[in-house]
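Novice: Going by numbering that gives the first Met the number 0, the sequence shown opens with residue 0, and the numbers climb by one from there.
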Amino acid sequence: MLKQLYAKIWQRRALWITAPAIATLAIGTSSLGLLQILDWAVLDQFFRWRHEPADPRIAIVTIDEFDVAKLQQWPISDAVLAQLITQLQAQEPRAIGLDIFRDLPVEPGHEELLKVFETTPNLVGVEKAVGNIVKPPPILNQLDRVGLADLMLDADGKVRRALLSVRTSEGQTRLGLAVKLSLMYLEKEGITLESIDDRRKYLRLGQAVFKPFTGNEGGYVRANSGGYQILLNYRGLDETFPTISISDVLENRIPPDLLRDRIVLIGTIGASFNDLSFTPYSTHFFSTPKRFPGVFIHANIISQILSGSLEGRPFLQVWPRSIEVLWVLGWSFIGSGVSWLVLGMHPFRQKAYWRWLGCSLGISLVGSGLVAGSYVAFLFSWWLPVASPLLALMGSAIALVIYRSLELQKLANVERSQAETALKDSEAKFRHLAENVPGVIYRYIRYCDGTQAFTYMSPGAREIYGYEPEEIIQNSQIAWEVVHPDDLPELADSIEVSQQTLQPWYWEGRITDRWGELKWLQGVARPERQSNGDMIWDGLLIDISDRKQAEQLLADYSSTLETQVRERTTILAQTNLQLEQEIAERKRVEEALSK
């Protein structure tokens, strides 16, 4: 039993060696960060495939080039901004987020704007604390109603993480704009932020549990984990949140309760405002990458926080590294297994082309299953590695095909060597037979263009023709020139009939060898027509001169015997005639005497 198990394991040793080796290579490649871009691209595609319902708790007041043209000023004046905030506050929203930097006055109306800032308790302004610092509006900073507008960019320039807070050089913790607005909204729901694990910095907000980004989650490798970050679980962009233009608000073209109990964000959306970033939704096949306004990204962060806190919508989750290693190893074994099964099928063992085609189809199907399964997991908010298992899947499959191809090539070389040895033995036996056969073994070809040749002539040609075999092979006319002129037409006709009917060729005739000796030959051959029209005869010529001489002696003896018999028959007939005459004469005499 154990021997049989060991034999099966040894028979599949390529699989047990290839899969772990390729998995290790894939994991190492991923650990070096060489697969980040691929994992990000897959995640982006999953976001584009997934469609989430719009979030009615958030509305966005937009400012574009058309609005600026109507207002005839940019930045918009403090007076216009004060009017906008006042009219929005009249709708009784839960919170207002001003995603426009306002660290300096823009006259006219600055004093009026300061009063609006001071008397609007649910208003949050923005600052930029990372990179090029932009200070917040002073009065909002004093009132602790400022949030971070900073966005975290990946190496490819896209936003896939949310910055919830940072700790400044002064030791202060500054919350992000989305966090500030979300806490305001949830405060009326009786939900507050609490710490559940100070060491690991785990926080709870309603049903949501926040775990800080460490830099190695999912497809990330040693990414910047400064501040308190989480993976951004996008809901969508353009069509996910209702938008209202600033012109519609200022001109009172919106229903009076449209924004009640909502979080209202104010931000620019035009290309000329330079508040645009790439997101997972930016890239589409056959289209130019599109940048999206930062206000939509902040809206997604708010929606993620609110949905997680109120409804338990999960944040993006990832596996521990140990589970990811097993995941990659498993797909590596699957890749090797698929190749093993495909190569075990008879049609795919014959030619390298079929081997590669069969394995490519098998791996394509299994790889599609990997992507589909990962997408299903993504729908449940699990971000599974795809690039490294896909690399392991393909790499192990290719490695096994190469291994099996080399193995088959090695086996083919052994078989070829054995065949060559057998062929040499067969040729040696054939030469021995040909040299000892009392006659000539030959191969005669009539080509479709009318030419002819002997491609093989055994050593017996020396004895029969008096010529070396090589001489006849080089000049096939010798075999025709030695034929007796009286027998040449019959020879040509017999070959023609054999070619037309494909019947075995047979001929007896005379030749005159190199030394002028007349010989009788008997020839037999089997015809075979080639696919290109050539005719081949493999045959044997033997010297039947002795037989012909014996036949001639027998014929001469028979002729002599027949002559002697004829002569004796004639004598006997004459004797009988004389005897009959004598008897008749005696009878006449006796009759005469009796009278």
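From the three backbone atoms N, C-alpha and C, an ideal C-beta is built for every residue, glycine too.
Ignoring anything shorter than 4 residues or poking outside the region 145-176, list the alpha helix (DSSP H) runs there in chain order.
Specialist: The qualifying runs do not exist here; there are none.
Novice: Whole-angstrom Cβ separation of I138 and F116, contact assumed at under 8 Å?
Specialist: Numbered from its first residue, the sequence shown carries residue 138 at position 139. Numbered from its first residue, the sequence shown carries residue 116 at position 117. Confirmed, about 5 Å.
Novice: Could you have a look at A6 and say whether DSSP puts it in helix, strand or coil?
Specialist: Counting from 1 along the sequence shown, the entry for residue 6 is found at position 7. For A6, the pLDDT reaches just 49, beneath the cut-off of 50, and the residue's location in the model is therefore unreliable, leaving the point undetermined.
Novice: List in chain order: all unbroken alpha helix (DSSP H) runs of 4+ residues lying wholly within the region 69-127.
Specialist: Within the region 69-127, the complete alpha helix (DSSP H) runs of at least 4 residues are 77-88, 109-118.
Novice: Three or more beta-carbon pairs under 8 Å between the region 287-305 and the region 363-379, yes or no?
Specialist: Taking 8 Å as the limit for Cβ pairs, the verdict is that the region 363-379 does not touch the region 287-305.
Novice: So, at 7 Å on beta carbons, what are the nonlocal neighbours of L182 in its own chain, with the 5 sequence-adjacent residues on each side left out?
Specialist: Position 183 of the sequence shown, counting from 1, holds the residue named residue 182. If we look at L182 and ignore the five residues flanking it on each side, its Cβ neighbours are L192.
Novice: So, does the region 377-393 touch the region 310-325, judging by three or more C-beta pairs under 8 Å?
Specialist: Cβ pair count under 8 Å is three or more, so yes.
Novice: May I have the straight-line CA-CA distance separating Q529 from Y446, to the nearest angstrom?
Specialist: By one-based count along the sequence shown, residue 529 stands at place 530. By one-based count along the sequence shown, residue 446 stands at place 447. If I take the Cα positions, the gap works out to 10 Å.
Novice: Identify whether T287 lies in helix, strand or coil by the three-state DSSP scheme.
Specialist: For the purposes of this step, residue 287 is taken as the residue at position 288 of the sequence shown. In this structure, T287 counts as coil in the three-state DSSP scheme.
Novice: At what residues does the alpha helix (DSSP H) containing R302 begin and finish?
Specialist: For this step, residue 302 is matched to residue 303 along the sequence shown. Correcting the residue identity first, residue 302 is Ser in this sequence and not Arg. It spans 293-305 - the alpha helix (DSSP H) in which S302 sits, taken as one unbroken run.
Novice: Give me the residue from I463, V248, V208 with the minimum Cα distance to S306.
Specialist: Numbered from its first residue, the sequence shown carries residue 306 at position 307. The shortest C-alpha separation from S306 is found at V208.
Novice: Would you call the CB atoms of S281 and F291 closer than 8 Å?
Specialist: One-based indexing of the sequence shown puts residue 281 at position 282. One-based indexing of the sequence shown puts residue 291 at position 292. Yes, these two residues count as a Cβ contact at 8 Å.
Novice: Using three-state DSSP, classify L399 as helix, strand or coil.
Specialist: As a position in the sequence shown, residue 399 is number 400, starting the count at 1. Helix, per DSSP.
Novice: In chain order, what residues of the same chain have a beta carbon less than 8 Å from the beta carbon of R509, not counting five sequence neighbours either side?
Specialist: The count along the sequence shown starts at 1 and reaches residue 509 at position 510. Excluding residues within five positions, the ones whose Cβ falls inside 8 Å are V482, H483, D485, D486, L517, K518, W519, L520.
Novice: Please specify which runs of the beta strand (DSSP E), each continuous and at least 3 residues long, are wholly inside the region 230-285, giving them in chain order.
Specialist: Fully enclosed beta strand (DSSP E) runs of 3 or longer: 242-244, 262-267.
Novice: Would Q44 pass as a contact of V248 if the rule is Cβ separation under 8 Å?
Specialist: For the purposes of this step, residue 44 is taken as the residue at position 45 of the sequence shown. For the purposes of this step, residue 248 is taken as the residue at position 249 of the sequence shown. No; because the gap between Cβ atoms is not below 8 Å, this pair is not in contact.
Novice: From the DSSP output, in three-state form, read off L383 for me.
Specialist: Locating residue 383 in the sequence shown gives position 384, counting from the first residue. In this structure, L383 counts as coil in the three-state DSSP scheme.
Novice: Give me the DSSP bridge partner(s) of V60.
Specialist: As a working mapping, residue 60 is identified with position 61 in the sequence shown. Paired residue(s): I243, I265.
Novice: Taking DSSP as the reference, what is the three-state secondary structure of R198?
Specialist: If you number the sequence shown from 1, residue 198 lands on position 199. If DSSP states are grouped into helix, strand and coil, R198 belongs with coil.
Novice: Under three-state DSSP, which class holds Y466?
Specialist: Start at 1 with the first residue of the sequence shown, and residue 466 comes out as number 467. Here Y466 sits in coil by DSSP.
Novice: Can you tell me whether V482 is helix, strand or coil according to DSSP?
Specialist: Residue 482 sits at position 483 when you count from the first residue of the sequence shown. Three-state DSSP puts V482 in a strand.
Novice: Pick out whichever of N474, N121, V158 has its Cα sitting closest to the Cα of G146.
Specialist: For this step, residue 146 is matched to residue 147 along the sequence shown. It is N121.
Novice: In terms of DSSP beta bridges, what is G334 paired with?
Specialist: Here residue 334 refers to the residue found at position 335 of the sequence shown. Per DSSP, none; premise fails for G334.
Novice: Return the CA-CA distance between W506 and E470, expressed in angstroms with no decimal places.
Specialist: Here the question's residue 506 lines up with position 507 in the sequence shown. Here the question's residue 470 lines up with position 471 in the sequence shown. Those two C-alpha atoms are separated by around 23 Å.
Novice: Closest by CA to K179, which one among L80, P104, V125, R567?
Specialist: Translated into positions along the sequence shown, residue 179 becomes position 180. Among L80, P104, V125, R567, the Cα nearest to that of K179 belongs to V125.
Novice: May I ask you to report which of helix, strand or coil DSSP gives K326?
Specialist: Residue 326 sits at position 327 when you count from the first residue of the sequence shown. In the sequence on display, residue 326 carries Trp and not Lys. The answer is helix: DSSP assigns W326 an H, G or I state.
Novice: Which residue comes first and which comes last in the beta strand (DSSP E) that contains K518?
Specialist: Mapped onto the sequence shown, residue 518 falls at position 519. Run containing K518: 517-528, per the beta strand (DSSP E) assignment.
Novice: Where does E419 fall in DSSP's three states?
Specialist: To locate residue 419, count along the sequence shown from 1; it is residue 420. E419 falls in the helix class under three-state DSSP.
Novice: Taking the alpha-carbon of M534 as reference, which of A222, D260, D448 has the nearest alpha-carbon?
Specialist: For this step, residue 534 is matched to residue 535 along the sequence shown. Ranking A222, D260, D448 by Cα distance to M534 puts D448 first.
Novice: Please return the same chain residues whose Cβ sits closer than 7 Å to the Cβ of L70, not counting the five positions on each side in sequence.
Specialist: The count along the sequence shown starts at 1 and reaches residue 70 at position 71. Hits under 7 Å: V79.
Novice: Report the residue from R203, A94, S224 whose alpha carbon sits nearest the alpha carbon of V263.
Specialist: The count along the sequence shown starts at 1 and reaches residue 263 at position 264. Ranking the options by Cα distance to V263, first place goes to A94.
Novice: Based on DSSP bridge pairs, tell me the residues matched to E193.
Specialist: The residue labelled residue 193 in the question sits at position 194 within the sequence shown. E193 is bridged to R203.
Novice: What would DSSP say about G631, mapped onto helix, strand or coil?
Specialist: Residue coverage of the chain in this structure runs from 0 to 594, which leaves residue 631 outside it and unanswerable.
Novice: For the beta strand (DSSP E) that Y612 lies in, which residues bound it at each end?
Specialist: No information on residue 612 is available, as it lies outside the stretch 0 to 594 that the chain covers here.
Novice: If you draw a straight line from the alpha carbon of K547 to that of L410, how long is it in whole angstroms?
Specialist: Here residue 547 refers to the residue found at position 548 of the sequence shown. Here residue 410 refers to the residue found at position 411 of the sequence shown. Going by the C-alpha atoms only, they are around 56 Å apart.
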